[in-house]
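The numbers in our numbering rise by one with no breaks, and the one at position 163 of the sequence shown is 201. The beta-carbon is built from N, C-alpha and C at its ideal position, and this holds for glycine as well.
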Amino acid sequence: RSGARAWPGPGRRGPGAAAAMDLVRVCVLVCCCLLTFGSYFSYDLPGALTDDFRDVLAQGDAGHQGLFYSLYSLPNTVQPFFGGIIIDQVLGLRRGALICCSLVALGCTIVAVAASDPAWSGTSTAFVVALAGRFVFGLGGETLSVCQNAFCAKWFRGADLATAFAIVLSFARVGSAVNFAIEPKVASEYSFSVALWLSSLLCLVSLGACAILGFVDFKFEHMTAEEEDDSEDSESDAEGHGGVSGGGGGGGGDGAGLNDRLLDHDGQSSSRHLTRSHSLTDADAEAGAVSAEPLRADNTAVNESGEADRGGKSQASFLTMLKSVLGPREILIYLICVQFYIAVFIFIAVASKFLKDTFDGVDQVQAGLLTSLPYTVSAVVSPLLGFSMDKVGRSGIFVGLACLGLSAVH
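Given below as structure tokens:
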């Protein structure tokens, strides 16, 4: 984004604090990358192991095989939106991420169990159990990505945010690429069930990364509030001349709203008002320079510990959030993403079988390697494009070029 600022420097707290913050942010970024690695690795298993899924789990019916994608997608038509609200209002970010990651690992384990009993091979029992596993997997998969984005928005700001998002996205694409590259080999050299248990193991690795991320976020989240204080102090003289950098409020803790961190200016404005109110003297308050009532009217009432009081959020806050995510610009973005992913994922789902059936001499292993190419390129190019957008802005032009490029490829 043009005019975006990087995360504030050491400020009054000295270079040592800034170095500690950088170290924590590196740890957060690594854990965020691993958070969805298992999920992305496991999502395309029906596409990477087409024949095995059809013969062992789908009763030899290609139509049944498509249900493994449909049952994953079914809860995710609405769940990420309402899941974000539940995490925001009830569970909190850390607990919500842990629950979603656990659902992903549990779903993959159920699918592996369905393929592990030879007596179930090709039966309706294996089919129903595998579908149940994919459904449970879907319950956590996409909402976990919402949590991942919230962690990134909490710990990275301004010119660092798009780069952090790009790195996280590229690592997720590495998971998809590795799935197509190695799972057909594992299934051919060992067995189909071993390949599925490998995916379950990687989901457990993601669950471990989620636990570490939750601990780091709990232990060091006060640092985001301190950085926000330094940022507000350094910007107080320039607010009348410049805009507000994108990125949501910081230091909201685990209870801070996902929409406050992920939506644009609203959360940051509220955080700024709260920070200023603590810096004013009692005399200023008595003179009417600040009062608690405007804060409550803005749904940002504060309890004695300085954290946002969830109980003070009203229906007006929810309606304001709905308006923020259902504006004309946002709806256009949703339509672009839906149409873009229709073109990408429908092809990826059938690419392995298509390549194997269309071209002589292409087996399942080679088809998997070819299908992994888009993900591999995305993993390499995404950080570069994110860094470029940080520097030059014009993200709308990048979106248009991406859509034209995909049209040309098809």
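DSSP state of residue i mapped onto helix, strand, coil
i    : result
E368 : helix
V340 : At V340 the pLDDT is 42, less than 50, meaning the model places this residue with poor confidence; the figure from the coordinates comes in the next sentence. V340 falls in the strand class under three-state DSSP.
H448 : coil
E227 : helix
A96  : coil
E259 : coil
T74  : coil
V400 : coil
G130 : coil
V142 : helix
S433 : helix
P156 : helix
V116 : coil
From the options, residue whose alpha carbon lies closest to that of residue i
i    : options                : result
D89  : F230, G438, I371       : F230
F38  : Y372, R367, V415, D398 : With the chain covering 39 to 448 only, the question about residue 38 has no answer from this structure.
F106 : G130, G171, C70, V116  : G171
K192 : V382, G252, L370       : G252
Q97  : L169, V419, C70        : L169
P421 : L207, F91, S140, R92   : L207
L245 : K361, V382, V142, V400 : V142
A405 : M261, L144, L423, K391 : K391
I220 : S410, M59, T161, D60   : S410
F189 : S162, I380, V418, C248 : C248
G453 : V376, A202, L357, G399 : Past the boundaries of the shown model lies residue 453; the chain is included only from 39 to 448, so the question cannot be answered.
S183 : S416, S355, G121, L61  : G121
P412 : I435, T396, P156, F383 : F383
F385 : V62, L61, H448, C70    : H448
S140 : L408, L95, V243        : V243
N187 : C71, G438, K429        : C71
K223 : V62, G104, F194, Q402  : Q402
D155 : V94, A200, L144        : V94
A200 : G431, E227, L442, I435 : G431
G130 : C185, I250, I380       : C185
I250 : A446, G443, V62        : V62
G196 : V128, V388, K429       : K429
D60  : E259, I374, A417       : E259
Start-to-end residues for the alpha helix (DSSP H) that takes in residue i
i    : result
V102 : For the sequence presented, residue 102 should be read as His rather than Val. Taken as a continuous stretch (DSSP letters only), the alpha helix (DSSP H) holding H102 covers 100–111.
G171 : 162–193
A86  : 83–86
D428 : 411–430
Interface flag, residue i vs chain D, CB-CB below 7 Å
i    : result
G176 : Protein chain content of the structure displayed is limited to a single chain, and chain D is not contained in it.
Chain-order list of residues whose beta-carbon lies under 6 Å from that of residue i (same chain, five-residue window excluded)
i    : result
V167 : A152
A210 : T74, Y78
S433 : M427
A57  : none
F173 : L109
L240 : G76, F79
T414 : A215
A204 : S420, P421, G424
G213 : F75, Y78, F79
V400 : L393, K394
L177 : P113, L141
Spatial neighbours of residue i in its chain, beta-carbon cut-off 7 Å, leaving aside the 5 residues before and after
i    : result
N217 : F79, D82, L83, A86
A225 : L87, D90, A233
S162 : Q97
H102 : A96, F165
L144 : V174
Chain-order list of residues whose beta-carbon lies under 8 Å from that of residue i (same chain, five-residue window excluded)
i    : result
A440 : F378
I124 : G134
D99  : R92
C146 : G76, S80, G171, F175, L234, S237, S238, C241
E368 : S362
A446 : none
Query raised in the report: Between the region 126–138 and the region 106–113, do at least 3 Cβ pairs fall closer than 8 Å?
Result: Judged by pairs of C-beta atoms under 8 Å, the region 126–138 does not touch the region 106–113, as fewer than three such pairs exist.
Requested in this report: Count the CB pairs spanning the region 146–154 and the region 228–242 that are closer than 8 Å, and state whether there are at least three.
Outcome: The region 146–154 makes contact with the region 228–242: 3 or more CB pairs, one atom from each, lie closer than 8 Å.
Query raised in the report: Would you say the region 242–256 touches the region 65–74, given that touching needs at least three Cβ pairs under 8 Å?
Result: In short, these stretches touch, since the Cβ pair count reaches three.
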